[in-house]
């Protein structure tokens, strides 16, 4: 029987939370494939597509959270974030090519079936990994600048026998995470704006096949800078690196709309891609210092979702601009998104101050107890 106020330690039950979602995604994907092969009406395809997309397991954020468990305070955290960024980019570039090859060379349903199978097998194998599973300790305990302990609503609490007791804190309740969410919306605007605008440009010059080449150059810049960023032993503070990264991203993206040749657009696309990875990697690195261990998966999920939401919004907006105005108007979306993100990062950069890894809560004179997080 543990003493009152003393947190209990328990492993996160990854398998129990992940496996049902994986099973749902596989079943929904199979249903969508079957309906498509049976020439089902459009409403039925939409009805199956919604749960298929909504149930995609968020393994990426979980993996990033586990890097923090494995590496702790190691400077290799930046390298780990770079590795994740590069592998994500490889997937985004070569995944569609692989799926297209399967659909054309094997069977129209081969792409979706392969995705469902890989997700099922990979998800089960990931859920089975126990060694890197984070261990939660009671509730998240957060100390403010005065040393007082506050719960998720900001109100101080006190436990029995001098122990501090604090309620669970959501990742989105941390000011720095909210700043990063807005910043990552800007990165999503680059992905979405480039996707639509490069296709429109290639179509306008009568060379639709160049779309893949131009986007490949953009992705190559992202991967190259990701490798370099992960290999460097940074001495500059992450907050400062984030400002520099977004400044470079805003400056390079601002020239896209003025590029009217393939060479110029490829060169600018390469530079824009090279600025994305440092911003992404630094943002993910900041999470490790801003967020308690047990809330990091949620934080990474918010950031991943922000990129996806920004990309979806940018695709819609850039498509509207290209249809109505033409002349590369869609290229105005990436600079607009990145400039707004830069303004937020610069204005609210004080909220990105990394917390101490060994935060403690005062318990009487001369006594300190470690802060427990979940």
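In this note's numbering, the protein residues as written are 8 to 381.
Where is the CB? At the ideal position from N, CA and C, for every residue including glycine.
In the DSSP assignment, residue 200 falls within the alpha helix (DSSP H) that extends over 182-211. As the crow flies, the alpha-carbon of residue 86 is around 28 Å from that of residue 319. Collapsing the DSSP output to three states places residue 331 in a helix. Spanning the alpha carbons of residue 66 and residue 99 requires a straight line of approximately 15 Å. Residue 234: member of the alpha helix (DSSP H) spanning 217-238, first to last residue.
If you ignore the 5 residues before and after residue 228, its C-beta comes within less than 6 Å of the C-beta of 277, 280 and 281, all in its own chain and listed in chain order. Residue burial annotation: residue 195 is buried, with at least 16 other C-beta atoms found within 10 angstroms of its C-beta. For residue 328, the CB contacts under 8 Å within the same chain, skipping 5 residues up- and downstream, are 336, 337, 339 and 340 in chain order.
Pairing residue 286 with residue 134, the inter-Cα distance amounts to about 29 Å. Residue 181 counts as buried, since at least 16 other C-beta atoms from the protein chains shown sit within 10 angstroms of its C-beta. Here DSSP, grouped into helix, strand and coil, assigns residue 82 to coil. Non-local beta-carbon contacts of residue 216 in its own chain, meaning distances under 8 Å to residues more than five positions away in sequence, involve 209 in chain order. The residue among 70, 75 and 118 with its C-alpha nearest the C-alpha of residue 136 is 70. Comparing alpha-carbon positions, the option among 250, 35, 176 and 268 lying closest to residue 122 turns out to be 35.
Collapsing the DSSP output to three states places residue 47 in coil. In this structure, the alpha-carbon of residue 203 lies about 10 Å from that of residue 222. The closest CA to that of residue 101, considering only 247, 224 and 252, is found on 224.
Taking C-beta atoms as the reference points, residue 359 and residue 293 count as a pair closer than 8 Å. A distance below 6 Å between beta-carbons, with the five flanking residues on each side excluded, links residue 321 to the following residues of its chain, in chain order: 196, 199, 200 and 340.
The alpha-carbon separation between residue 284 and residue 353 amounts to approximately 19 Å.
By the neighbour-count definition (other C-beta atoms within 10 Å, threshold 16), residue 214 is an exposed residue.
Contact check for residue 26 against residue 187 fails: the beta carbons are separated by 8 Å or more. Between the C-alpha atoms of residue 108 and residue 349 there is a straight-line separation of about 39 Å.
An exposed status is given to residue 212, since fewer than 16 other beta-carbon atoms sit within 10 Å of its beta-carbon.
By the Cβ criterion, the stretch 36-54 is in contact with the stretch 112-128, since at least three pairs of Cβ atoms, one from each stretch, lie closer than 8 Å.
Here residue 245 is buried: its Cβ has 16 or more other Cβ atoms, across all protein chains shown, within 10 Å.
Sequence-distant Cβ neighbours of residue 304 in its own chain, meaning closer than 7 Å and more than five residues away, are 68, 69 and 72. Under a 10 Å Cβ-count criterion, residue 125 is classified as exposed, with fewer than 16 other Cβ atoms of the shown protein chains found around its own Cβ. Taking C-alpha positions only, residue 275 is separated from residue 268 by approximately 11 Å. In terms of Cα proximity to residue 91, the closest of 264, 106, 289 and 48 is 289.
8 Å or more divides the Cβ of residue 28 from the Cβ of residue 82.
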